[in-house]
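Each residue of the sequence shown is one higher than the one before, counting from -3 in this note's numbering. Where is the CB? At the ideal position from N, CA and C, for every residue including glycine. From a predicted model like this one, the values you see are computed outputs, not experimental measurements. Shown next, in structure tokens, is the structure this report addresses.
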Amino acid sequence: MRAKAVLAEIPGVSRVLLDKAGSVLVVQSSVPSGTLRRALDTAQLPAAVVRRSVGRRNLAVIDQAALALLVLVAQIVFARYGFGLAWPIPLMAQAAATVFVLLIPGASVLREAAAGLRRLRFSVEMTLVIGAGAAWTAGLLSSLHLRDAGQPYFLLGTLIVFCGLLAQAANRASQAISSEKVRNLLHLMPDDATVEGRNGLQRVRTATLQRGRVVVVGQGMRFPADGTIVEGAGPVDESTITGADAPQPYGPGDAVLAGTVNLGAPLRVKVTARPRNAVVGLLARLAAAEDSPRQAVVHGWLDRRLKWAYFGALVLAMIVVAVGIMAGPDWWGVPLEQGMLVAAAATPASLMLIGPTAYSVAALVLRRWGIWVRDPAAIDRVGQVTLLVARMSGVVTEGRRRVLKATAAGGGDERRILGLAAAAVEGSAFRWAGAVARAAIRSGVAETGLETRQVQQADGVVADVQQSGRSHRVATGTAAFLAAQGVRIHPNFLHGDLPGELAAEPMYVVVDGRAAGVIWLTEPIRLTARRALLDLRANGVETCLMSDRDVHELEQIAATVASDSYVIAETDEQQVAEIAAMRESGHVVAMTGHPVRDGAALAAADVSIGFGILDSPAAARTGFLVRDESPLLLSACFAAARVTKRRLWQSAVLATVPMLAAVVLAVMGRLDVWIALILLGVGVGLVMLNGLRMLYWRPRFSDGMG
């Protein structure tokens, strides 16, 4: 638990929670997440950190955009009809409305602009503030000449601020779509609990549970609160909290978490924390409020060009003013008004909508196909990927073993061997227990009973099993496990014939000290794996399989699915080192795997794609979250990224044409404020419509689907 010791030295860290794999799952603190990440990286403990936000939440950006739109509509109606009000009341009302939109709904834009000014960094938000301010100033100058002629300028200023808020609202919408699965963690806790009382057992609402009460949790039920087991023992499924695949054995004195599932006999549990303070609730709140890096409202490459282009427009505006001054004495009137109009018309308001619109629609479309975009910026990054590293188990193969064949020594009964082995391993920590139990049920030999279990490990089990009224000592597992238990097997038996199946592995069964048979297990290759990897190769993405299996087995599977390469990495450190070497060689690396088992490797890659449990807090650490391990869904992530990039370029062209037209008309002295409003509105409309075209996109594997 070195991670806890490292983080405990940082002032402001109040709580650290690790998952079963020992990696950092959540840190509750008031310090920036960057500080936490640097501390972990320095100690060579890579982890994704979810931290509590300590800032106040203002009015939702979506509501702010809606309010700005209402004000804009009111300004348009007021400018059109006037309602018989005498000057200067209409002018004052329009000017006040624009200031209101900039200061109240547009407060978030102002904050971003002020932050950029403090850092001496010219930001896109600053262009909005400058453009809106220029339009407002031009409105005042125009009104001094022609009274009501200044009203359209105020409309232009409000429209500019509205575009910025609309871009931020699109960002929030995509983030809301992405975080839905994490928020579902709050529904893991049961509504009712069975509590021990003076009059026996009674049902109460989970929210009313107090510390010290004893609850009874039956088989298949979720624990209603964090607590300590008082009586009983059995396996507990923690997959929804930590993402761990295999159930963990629990007994008296062990701490259990709310939301986990009791898979064994009923347990008596003493509540140690009120339900509202349960770890699952804490994780859900922290994950929903995580301070992820601010998603840029403009695509990265476009952002840099926009700022320089607008800087050039400001220079052009100053030239217009200078020419006007040299042409006549009325420098504060028409020339300055025209210069302000150029600065307002050149504001990249419509261009700001390009990234948020494209990313939000792409996230919505991917969600339709079972792909949740946890980080919208990952859509951009995945389009730059040149190498995909995929965990072999669960991605290329099905990730779950199945019994291929049971062979009895000396021509004995194969069903008897399967029944004895299934009884010995059922409910144990043996890694293939589930596969053997399912095979026994299918074969109708599940009547064999377990008496006692002496040894249980991930590689094997030693147990006393009763079959047909007789008790047998059964040792089953890998050859290494049996050797460690002192069970000797004849070498000829250890090297039995391998079934005609790719990558089959033996599970040896020894009954009463004698070799009784072998159960062969295999992990089938997914039928769609080869097609998906070939699709990726056709689009310029190399693939590399990563596994801890035998090199011969890995080589066979890589050749079968047409993978470009493969690597063997048995530990988290080896996985991280392999990915670091790939990045140093010039590749942009995407990693796909389980959010918990492969958490360190996912964090080390440029893009992370997580498979498995969607409602696990660990899933919040991935860029993409896929409903299952289908390789076709994997290729769909890359295909959607390519289409989104095309939409970005198309929208950039569509938005730039009206903006350039406004600048050209301004240079020619033909730009009218109404023309500027129309051109800006056209640019916004074209960007929105082009982004919405993504709604009709379908991945290739959907061809022929209804």
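- Comparing C-alpha distances from L550 to each of G536, W83, E519 and L68 shows the shortest one belongs to E519.
- Note on geometry: alpha-carbon atoms of R689 and E410 lie some 59 angstroms from one another.
- The beta carbons of F150 and G135 sit closer together than 8 angstroms.
- The region 396 to 414 and the region 432 to 440 touch, with three or more beta-carbon pairs separated by less than 8 angstroms.
- Rounded to the nearest angstrom, the gap between the Cα atoms of G379 and T640 is 9 angstroms.
- Counting along the chain, no beta strand (DSSP E) covers A534; the unbroken alpha helix (DSSP H) around it starts and ends at A525 to A534.
- Of all C-beta pairs linking the region 188 to 195 to the region 382 to 391, fewer than three are shorter than 8 angstroms, placing the two stretches out of contact.
- Between the alpha carbons of R270 and Y246 lies a gap of roughly 21 angstroms.
- In the three-state scheme derived from DSSP, where H, G and I count as helix and E and B as strand, N195 is classed as coil.
- Unbroken alpha helix (DSSP H) stretches of 4 residues or longer found wholly inside the region 74 to 141: 85 to 99 and 103 to 114, given in chain order.
- Taking A64 as the centre and dropping the five residues before and after it, the same chain places the C-beta of V97, P101, G102, T154, V157, F158 and L161 closer than 8 angstroms to its C-beta, in chain order.
- Selection P344, D460 and V432 evaluated against L676 yields P344 as nearest (Cα-Cα).
- When the Cα atoms are used, Q552 and H590 turn out to be separated by approximately 23 angstroms.
- In this chain, the beta strand (DSSP E) harbouring D460 covers G456 to Q463.
- Taking C-beta separations shorter than 8 angstroms and ignoring five residues to either side along the sequence, the partners of V678 in its chain run P654, following chain order.
- Taken through DSSP and simplified to helix, strand or coil, A251 comes out as strand.
- N258 has V232 as its beta-bridge partners, per DSSP.
- About 5 angstroms separates the beta carbons of A558 and L529, which is inside the 8 angstroms limit, making them a contact pair.
- Between A342 and V659, the C-beta spacing is below 8 angstroms.
- The residue among L629, P352, L598 and P84 with its C-alpha nearest the C-alpha of R364 is L629.
- Between F634 and the set R593, L656 and M587, the nearest pair of CA atoms involves M587.
- In the displayed model, W428 falls within coil according to three-state DSSP, outside both helix and strand.
- Spanning the alpha carbons of V232 and T123 requires a straight line of approximately 56 angstroms.
- Cβ-Cβ separation between A662 and L337: approximately 6 angstroms, consistent with a contact (criterion under 8 angstroms).
- For D546 and L362, the gap between their C-alpha atoms comes out near 36 angstroms.
- Closest in alpha carbon position to N686, among V357, R434 and E108, is V357.
- In this structure, T190 keeps its C-beta atom at 8 angstroms or more from the C-beta atom of R201.
- Scanning the region 364 to 397 from its first residue to its last, the whole alpha helix (DSSP H) runs of 4-plus residues come out as 373 to 378.
- Proximity of the region 502 to 510 to the region 460 to 478 meets the contact definition, three or more beta-carbon pairs being nearer than 8 angstroms.
- Taking every protein chain shown into account, the CB of W693 has 16 or more other CB atoms within 10 angstroms, so this residue is buried.
- In the structure shown, the three-state DSSP call for A565 is coil.
- Separation of A109 and L650 (C-alpha to C-alpha, rounded to the nearest whole angstrom) is 26 angstroms.
- Between A386 and T539, the C-beta spacing is below 8 angstroms.
- Under DSSP, Q71 shares a beta bridge with no residue.
- For E538, the uninterrupted beta strand (DSSP E) run begins and ends at E538 to S543, by DSSP.
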